[in-house]
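Working notes, structure below.
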Amino acid sequence: MIQSMTGYGKALVQLPSKKITVEIKSLNSKGLDLNTRVPSSYREKELVMRDKLAKSLTRGKVDFNLYVEVTGEETTTQLNETVVKQYMKQLRSVVDGEEVELLKMAMRMPDTLKTEREEIDEEEFNIILTAIDEALVNINNYRSDEGKVLENDFIMRSKNIAALLEDVIEIDPQRIEGVKERLRKAVSDLKETVDENRFEQELVYYLEKYDITEEKVRLKNHLNYFNESIQSKDSNGKKLGFITQEIGREINTIGSKANFAAMQQLVVQMKDELEKIKEQALNVL
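Here the sequence shown is numbered in the UniProt record's numbering, starting from 1 and rising by one per residue.
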């Protein structure tokens, strides 16, 4: 079963004086690109949170946000009275104004507020870790649901390629007969008498260059392997990418050997289906 790298997970925790929100978003990426935004008071615990995220989300461009909203009377920001009074004193010497207006002007100045560093409460941080676990469950469920959509699309398109391959197999005798006729006509136009045995030998040699038997067999095998891989437990995007490269190689070879308009049209359709598979495979975990 495959998982998408696209996902979203969220968890909320309401404490007596705080509301904590954990939000995780992910998009596709070659590796794990983890970006975190946490309040400065939790900065010392950032590595612990990053480690937890990295273990659960192995690939993707991941954005992690931790929001802490104070809902009670608790606050670590205090008015710096000494600084404010000094600003107001200096303002009085420059302008005339009411005390309220001077206070408003002073509060716009630097360093009028001071924030005392709050020590992290371990019990509170454990609650945050639990919230992160919940958000990770949600984003992984989201990724699994997206993976099912991708899997259905992969199965449909691989079936389309297999059906087009059957059409190629069906018209292959017609193609070979057409090649033979063109060669016989070319010899006839030369108005030359040829040794039939020698002609047949040359014809066999010529047709071998256009034979696509091996490509048809390998393409079938690659398609089967692709379908097995998307349903296996160890399915991953990189592996699927390698298999699609092999599928593309066989389709391209069939196209280069075709020398037959009807078959080349089928090859174009196969390439179109494969390109859509490749685009979607980039989003597989």
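Each residue gets a CB set at the ideal place from its N, CA and C atoms; glycine is no exception.
{"Query": "Examine the Cβ distances between the region 78 to 92 and the region 157 to 170 and report whether three or more of them are shorter than 8 Å.", "Result": "no"}
{"Query": "Bridge partners of A11, per DSSP?", "Result": "V22"}
{"Query": "List the DSSP bridge partners of E69.", "Result": "K19"}
{"Query": "Using 8 Å as the cut-off, can you tell me whether the region 96 to 114 makes contact with the region 44 to 57, which would need three or more C-beta pairs spanning the two stretches below that distance?", "Result": "no"}
{"Query": "Are the region 2 to 20 and the region 135 to 153 touching by the rule of at least three beta carbon pairs closer than 8 Å?", "Result": "yes"}
{"Query": "Measuring alpha carbon to alpha carbon, tell me which residue in A262, E215 and N227 is nearest E250.", "Result": "E215"}
{"Query": "How close, in whole Å, do the beta carbons of L164 and M270 come, if the pair is a contact with beta carbons under 8 Å?", "Result": "5 Å"}
{"Query": "Quick check: what's the CA-CA separation for K10 versus Q86?", "Result": "46 Å"}
{"Query": "Where does G31 sit, in a helix, a strand or coil, going by DSSP?", "Result": "coil"}
{"Query": "For V149, which of helix, strand or coil comes out of DSSP?", "Result": "helix"}
{"Query": "Please list the terminal residues of the continuous alpha helix (DSSP H) segment that includes K216.", "Result": "T213 to Q231"}
{"Query": "Is it right to say Q14 is buried, meaning 16 or more other beta carbons lie within 10 angstroms of its own, or is it exposed?", "Result": "exposed"}
{"Query": "Please confirm whether any heavy atom of the ligand MN lies closer than 7 Å to the CB of D51.", "Result": "Ligands in the displayed structure: none, and consequently the ligand MN is not present."}
{"Query": "Can you name the residues that DSSP bridges to K61?", "Result": "L27 and D33"}
{"Query": "Tell me the DSSP bridge mates of L53?", "Result": "DSSP lists no partner for L53."}
{"Query": "Looking at C-beta atoms only, is the number of pairs between the region 28 to 42 and the region 257 to 269 that lie closer than 8 Å three or more?", "Result": "no"}
{"Query": "In three-state DSSP terms, what is Q3?", "Result": "coil"}
{"Query": "Roughly how many angstroms lie between the CA atoms of Y67 and N138, to the nearest whole one?", "Result": "18 Å"}
{"Query": "Quick check: what's the CA-CA separation for S256 versus E134?", "Result": "53 Å"}
{"Query": "One question on the structure: do G248 and L274 come within less than 8 Å of each other, judged by their Cβ atoms?", "Result": "yes"}
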